[in-house]
Amino acid sequence: MELRTLGSTGIKVSPLGLGTVKIGRDQQVKYPAGFNIPDDQAVRELLALAWDLGINTLDTAPAYGNSEERLGQLLPHKNDWVIVGKVGEIFENGQSSFDFSAAYTRRSVERSLKRLGRDYIDVMLVHSHGDDMAIIEREEVCETLQQLKREGLLRAVGMSAKTVAGGLWCVENMDVVMATYNPTYTDELPVLQRAAELNKGVMIKKGLQSGHADAAVGGGGVEAALRFVFAQPAVHSVIVGTINPQHLRDNVELVQRIGAG
4 MELRTLGSTG IKVSPLGLGT VKIGRDQQVK YPAGFNIPDD QAVRELLALA
54 WDLGINTLDT APAYGNSEER LGQLLPHKND WVIVGKVGEI FENGQSSFDF
104 SAAYTRRSVE RSLKRLGRDY IDVMLVHSHG DDMAIIEREE VCETLQQLKR
154 EGLLRAVGMS AKTVAGGLWC VENMDVVMAT YNPTYTDELP VLQRAAELNK
204 GVMIKKGLQS GHADAAVGGG GVEAALRFVF AQPAVHSVIV GTINPQHLRD
254 NVELVQRIGA G
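The opening residue of the sequence shown carries number 4 in the numbering used here; numbering runs sequentially from there.
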């Protein structure tokens, strides 16, 4: 697949990025069917396949169970991938909690670097709990991420936003926004449009509706969903969270078929 430059960051990302929640966590996830966390060999094979298919972008988070640790241990070509990480959400004992303080943000980034075995993380996003503007206006996380970027630990910073207001603020003040956009949810279209105007990085979550776009479970079809998302010129990469090798191959083939990669 042909890589795309993530806004003005200079970072080259694949139009499909691989989400890794399923390699680290199987609790409190909203997929149409249950799944088993794959063993180390299956993860190695999945990551190698992704690389061979032209995927260079991985999405992870401390809240994704032991996803970060497993990537640090199992990732081939470790330093050649674009890693998209997150801060703020803590998932323990089946429950999420959040900490957006400066001290916790710094500790979280340093811990992620250690787990991943990296000197820097390419893109670090605030893992919003839903009230984006409260985080932006009352917490220290956004400025702390900017400071960590100045220190060279992060290449680009942004937010995995959950509101139009938060997404627009992120586009105006940070490097990258991760937004939700799919055929059944278009509320955040103004975020994508503003990002295009300002040449900011855009990554899409839930582009396949967490698997519910699949016609096999009653959705409108994966190809239709990808066509819909990539029709927006602002979109640089869509994160897909599959652990099924054939689904991954099929998704890459679809991206190439529709001319997005």
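For every residue, glycine included, the Cβ atom is placed at its ideal position computed from N, Cα and C.
Reduced DSSP secondary structure (H/G/I, E/B, other) of residue i
i: F38; result: coil
i: D178; result: coil
i: I138; result: helix
i: A237; result: coil
i: T189; result: coil
i: K33; result: coil
i: E72; result: helix
i: R197; result: helix
i: G169; result: helix
i: I93; result: strand
i: D83; result: helix
Option in the options with minimal Cα separation from residue i
i: E146; options: F103, G97, V32 and V255; result: F103
i: L49; options: G244, G155 and Y123; result: G244
i: S17; options: A216, L211, G223 and I207; result: I207
i: F38; options: D217, V179 and D29; result: D29
i: Q212; options: R197, A199 and Y188; result: Y188
i: Q2; options: A45, M181 and G13; result: The question about residue 2 has no answer, for the chain in this structure spans 4 to 264.
i: I26; options: M4, L19, R73 and G13; result: R73
i: G120; options: G264, I86 and A199; result: I86
i: V180; options: N254, G223 and I242; result: I242
i: S70; options: D43, G57, R141 and M136; result: D43
i: S115; options: N185, N254 and L151; result: L151
i: R197; options: A159, A216, A237 and K209; result: A237
i: P186; options: V167, G223 and M136; result: G223
Beta-carbon spacing of residue i, residue j below 7 Å
i: P79; j: A51; result: yes
i: L9; j: G161; result: no
i: T108; j: V90; result: yes
i: I246; j: P41; result: yes
i: L171; j: Q235; result: no
i: G20; j: S163; result: no
i: V112; j: Y67; result: no
i: V255; j: L6; result: no
i: L229; j: L251; result: no
With 16 other Cβ atoms within 10 Å as the buried cut-off, status of residue i
i: D125; result: buried
i: K33; result: exposed
i: R262; result: The identity of residue 262 in the sequence shown is Gly, whereas the question assumes Arg. It is exposed - the Cβ of G262 has fewer than 16 other Cβ atoms within 10 Å.
i: L201; result: exposed
i: D178; result: buried
i: A219; result: exposed
i: K209; result: buried
Short CB-CB distance (under 7 Å) between residue i and chain C
i: G169; result: Included in the structure is just one protein chain, with no chain C present.
### Message
List, from N- to C-terminal side, the beta strand (DSSP E) runs of 3 residues or more that fit wholly inside the segment 207-254.
### Response
240-243
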